[in-house]
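*Asks:* Numbering (this note's numbering), first residue to last: 22 to 154. Every residue, glycine too, gets a C-beta built ideally from N, C-alpha and C.
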Amino acid sequence: AIWTTADETTLIEFLFQHRASAGDGSSFKMTTFHGVVSVLEATRTKGGPKTAKSCQNKWAMLRRIWRAIQDIRTQSGWTWSDVRGAEISPDMEDQWATFLKSHPLAKPFKNHGWPHLERVTMIMPATLRGTHV
């Protein structure tokens, strides 16, 4: 399925409005994804119709992108800008290349932000990750 930024925004807004049904893990049931299909269909401008499964898969990818950005934000000495992303300067290229080996989804955010970050953050659970958690 082709997903435009507007499609992603519609999906995220629907999930935000139904976030209580996801529980603590931001894992929505298939019935929630069935519910968003008609909303997406009403505003579709590109590609074929979305299915509940394609919506579930898109949400899984958005969650992985969100986690990649969180990993950028926790790198010591790095910054994050909602407009300019990781703001990787030429002297940080080696660090960035190493980081991308374990975080390939972070690549688009080298010097660009992500329009969905704030809203996805409001849906995602506040969980601690790491070795010593």
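Between which residues of its own chain and residue 40 is the CB-CB distance below 7 Å, once the five residues before and five after are set aside?
*Replies:* 144
*Asks:* Would DSSP call residue 102 helix, strand or coil?
*Replies:* strand
*Asks:* Which same chain residues, not among the five before or five after residue 68, have their C-beta less than 7 Å away from its C-beta?
*Replies:* Same-chain partners within the cutoff: 22 and 23.
*Asks:* Does the beta-carbon of residue 120 have 16 or more other beta-carbons within 10 angstroms, so that it is buried, or is it exposed?
*Replies:* It is buried - the Cβ of residue 120 has at least 16 other Cβ atoms within 10 Å.
*Asks:* Looking at C-alpha atoms only, which residue of 27, 86, 131 and 75 is the closest neighbour of residue 141?
*Replies:* 86
*Asks:* Quick check on DSSP: helix, strand or coil for residue 62?
*Replies:* Residue state for residue 62 is assigned as helix, using DSSP reduced to three classes.
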